[in-house]
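*Asks:* Have a look at this one.
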């Protein structure tokens, strides 16, 4: 038995449509993938198109302005260390960074079933940084933004232990916030024209 001619024509047409659809989808996906430009953040390639300096040198040329509070100083110190890989501030900065850091300490949970002295309650330290990156020579704004990080800690009934746990949480949050800021600054420098 064989199929009638009309059935064969219908199958051939649907096969052609499916083949064209697959070919079109393949061409579209190739076009989309070819438009992607991915490059490693820590590469030695210039951050800008036609730029002459490498990423590490450009990040190391950022001068971070002084701050007033202990937790802001922790963020600043960690950020300078991350930008320059431990070499200190730049002698002739190309960029200047204004950094404002605020802190919020909240109670996260309270576990007080009995009156035992050693039962902890939890707290959260949230550090938020507002930053503005400008070129020193022109005063032109390169990038700005706000980044935030939280770190939790236990609050035992002992006062010094609570204070020390809070400081440790501040220090952890400062290290993480400095790393987030370093990545944000690298992105801002990569986006500038």
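Residue numbers (this note's numbering): 12 to 204. Here a beta-carbon is modelled for each residue, glycine too, at the ideal position from N, C-alpha and C.
(1) Enumerate in chain order the residues of its own chain whose CB-to-CB distance from residue 156 is below 7 Å, with the five nearest sequence positions on each side excluded.
(2) As a quick exercise: from 202, 174, 70 and 111, pick the residue whose alpha carbon is nearest that of residue 77.
(3) Tell me whether residue 41 is buried or exposed, calling it buried when 16 or more other Cβ atoms sit within 10 Å of its Cβ.
(4) Return the Cβ separation of residue 144 and residue 188 in integer angstroms, given the expectation that the two are a contact with Cβ distance under 8 Å.
(5) What is the DSSP secondary structure of residue 97, reduced to helix, strand or coil?
(6) Relative to the C-alpha of residue 152, which residue among 95, 105 and 116 is closest?
(7) With a Cβ-Cβ cutoff of 8 Å, do residue 74 and residue 99 count as a contact?
(8) From what residue to what residue does the beta strand (DSSP E) around residue 193 run?
(9) Contact check, residue 158 vs residue 140 under 8 Å by CB: the rounded distance?
(10) Do you know whose CA, among 70, 103 and 80, lies nearest residue 90's CA?
(11) How many Å lie between residue 166 and residue 39 at the Cα?
(12) Nearest-angstrom Cα distance between residue 29 and residue 202?
(13) Does residue 35 come out as helix, strand or coil in the three-state DSSP assignment?
(14) Under 6 Å Cβ to Cβ from residue 136, same chain only, skipping five residues before and after it: list those, please.
(15) Exposed or buried, what is residue 169 when buried is set at 16 or more other beta-carbons lying within 10 Å of its beta-carbon?
*Replies:* So, to answer that:
(1) Looking up residue 156 in the chain shown gives position 145. Around residue 156: 142 and 195.
(2) As a first step, residue 77 must be located in the chain shown, where it is residue number 66. It is 111 whose Cα lies nearest to the Cα of residue 77.
(3) Along the chain shown, one-based indexing puts residue 41 at 30. That one is exposed.
(4) Looking up residue 144 in the chain shown gives position 133. Looking up residue 188 in the chain shown gives position 177. Not really, about 16 Å apart at Cβ, beyond 8 Å.
(5) Residue 97 sits at position 86 when you count from the first residue of the chain shown. It is coil, neither helix nor strand.
(6) For the purposes of this step, residue 152 is taken as residue 141 along the chain shown, with counting starting at 1. Of 95, 105 and 116, the residue nearest in Cα terms is 105.
(7) Here residue 74 is taken as the residue at index 63 of the chain shown, counted from 1. Here residue 99 is taken as the residue at index 88 of the chain shown, counted from 1. No, Cβ-Cβ distance for residue 74 and residue 99 is not below 8 Å.
(8) Reading the chain shown from its first residue, position 182 is the one you call residue 193. Segment 170 to 202 is the alpha helix (DSSP H) holding residue 193; no beta strand (DSSP E) there.
(9) As a first step, residue 158 must be located in the chain shown, where it is residue number 147. As a first step, residue 140 must be located in the chain shown, where it is residue number 129. With a Cβ gap of about 5 Å, residue 158 and residue 140 count as contacting.
(10) Numbered from 1 along the chain shown, position 79 holds the residue referred to as residue 90. That would be 70, whose Cα lies nearest to the Cα of residue 90.
(11) For the purposes of this step, residue 166 is taken as the residue at position 155 of the chain shown. For the purposes of this step, residue 39 is taken as the residue at position 28 of the chain shown. The alpha-carbon atoms of residue 166 and residue 39 are separated by roughly 57 Å.
(12) Taking the first residue of the chain shown as position 1, residue 29 is located at position 18. Taking the first residue of the chain shown as position 1, residue 202 is located at position 191. About 42 Å.
(13) Stepping through the chain shown from its first residue, residue 35 is reached at position 24. Three-state DSSP puts residue 35 in a helix.
(14) Indexing the chain shown from 1 puts residue 136 at position 125. If we look at residue 136 and ignore the five residues flanking it on each side, its Cβ neighbours are 116, 162, 180, 181 and 184.
(15) Here the question's residue 169 lines up with position 158 in the chain shown. With fewer than 16 other Cβ atoms within 10 Å, it is exposed.
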